[in-house]
Amino acid sequence: MTEGAAMEFGVSTFVTDDGIGPVALGRALEERGFSSLFLAEHTHIPAKRESPWPGGAELPRHYYRTYDPFVALSAAAAVTERLRLGTGIALVVQRDPIILAKEVASLDRVSGGRAVLGVGAGWNREEMRNHGTDPKTRMRLLRERVLAVKELWTKDQAEFHGEFVDFDPVFSYPKPVQEPHPPVMIGGSGPTTFDRVIEFGDGWMPIHGRGTADLAGQITGLRERAGRPVPVTLFAVVPKPEIIAELEAAGVDEVLFNLPTETEADTLRRLDSMAALL
């Protein structure tokens with residue numbers, strides 16, 4: 082963990098049209114002492130899909146039915162005061178960077194400085210192709226779009242000239258509340274993930290159990306390479322005391338419990354059980 086900080090607890094989940102709504106979920110999390118809410122996104126799921134889902138054979142129902150994360154997080158922001166509101170993850174390779182900068186800055190404004198932008202390139206090649214994104218170049222595209230968003234957040238007249246993103250000086254408002262900008266958490270645990278964290282990320286947010294077998298060594302190595310106390314948020318954690326103790330010892334700053342998509346009544350019961358572990 083970063084020096085002097087206590088580990089925090091939030092949830093990562095899919096908010097859909099047939100599960101608990103974002104208003105009820107946001108209230109319930111804050112009432113129970115959770116620190117954050119991170120929402121997944123898929124703009125759509127192609128009917129013909131060849132890309133394998135990293136989580137198994139069959140793609141779960143909730144992947145097909147996600148709310149837009151920024152709309153859902155704004156709804157949660159309106160009924161909470163302390164809960165940090167993040168994407169886990171936003172599919173930046175499927176989003177226009179100028180619009181994305183405005184969406185996140187607007188969320189940061191309406192929430193009083195509680196927005197977090199978790200980013201990744203995604204796994205569903207058919208989905209990204211429908212947005213005009215070539216899967217072969219998606220990592221280079223991710224890099225440029227994040228860098229462009231940071232320019233738009235921090236410069237009065239922002240401009241960017243890259244391989245994929247190119248615009249002359251523009252005014253882009255509102256600016257975020259947070260200084261210098263909302264934290265950008267880099268998802269993934271591949272061989273080049275740390276390169277992205279160090280170059281344009283503010284923290285690392287891998288999925289628990291996917292490429293995190295030597296988590297303590299990975300965190301130590303990342304912080305040594307970066308030369309700074311890189312925050313680490315672990316995504317989709319199973320809520321068990323022994324796992325929490327292991328992650329705290331490894332240096333994790335924030336644990337996001339995996340919250341299944343269920344009805345409001347079932348979700349509240351599950352949150353009560355999770356809250357006992359905080």
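To convert, count from 1 in the sequence shown and add 81; that's this note's numbering.
Where is the CB? At the ideal position from N, CA and C, for every residue including glycine.
In this structure, Pro103 lies near Val96, with their beta-carbon atoms less than 8 Å apart. Taking 3 residues as the shortest admissible run, the stretch 214-290 contains the following complete beta strand (DSSP E) segments, listed from N- to C-terminal end: 239-242, 247-251, 265-268 and 284-286. Pairing Val227 with Val265 gives a Cβ-Cβ distance under 8 Å. At a Cβ-Cβ threshold of 8 Å, Ile279 and Arg304 do not count as neighbours.
Here Ala121 really is in contact with Thr147; their C-beta atoms are around 6 Å apart, less than 8 Å. Here Thr348 carries a helix assignment [DSSP, helix/strand/coil].
Counting only runs of 3 or more residues that sit fully inside the stretch 138-191, the beta strand (DSSP E) segments are 165-168, in chain order. Around the Cβ of Arg176, a 10 Å sphere holds 16 or more other Cβ atoms; the residue is buried.
Rounded to whole angstroms, the gap between the alpha carbons of Ala105 and Glu244 is 43 Å. Contact between Ala171 and Leu198 holds: CB atoms are separated by about 6 Å, below the 8 Å threshold. Arg195 and Leu164 do touch by the CB rule: their CB atoms are close to 7 Å apart, below 8 Å.
Contact between the stretch 326-346 and the stretch 282-297 is present: 3 or more CB-CB pairs across the two stretches fall below 8 Å.
Contact between Val200 and Ile267 holds: CB atoms are separated by about 6 Å, below the 8 Å threshold.
Contact between the stretch 209-216 and the stretch 184-192 is absent: fewer than three C-beta pairs spanning the two stretches fall below 8 Å. In this structure, DSSP gives Ala87 a state outside helix and strand, which the three-state scheme calls coil. Out of Leu223, Thr314 and Gly271, the CA that lies nearest to the CA of Met82 is found in Thr314. The beta-bridge partner set that DSSP reports for Glu335 consists of Glu89 and Thr314. If you look at Gly201, you'll find it in the beta strand (DSSP E) that goes Ala196 to Gly201.
Closest in alpha carbon position to Ala156, among Gly137, Ser192 and Ile180, is Ser192. Leu352 is a Cβ neighbour of Ala109, given a cutoff of 8 Å. If the five residues before and after Met209 are omitted, its C-beta is found closer than 7 Å to the C-beta atoms of Val174, Gln175, Gly203, Pro216 and Arg219, all from its own chain and listed in chain order. Restricting attention to Gly114, Gly107, Gly292 and Glu345, the CA atom closest to the CA of Ala356 is found in Gly114. Residue pairing for Ser116: DSSP places it in no beta bridge. Considering only Pro310, Asp347, Phe316 and Ser354, the residue with the shortest C-alpha distance to Pro322 is Ser354. Collapsing the DSSP output to three states places Leu359 in coil.
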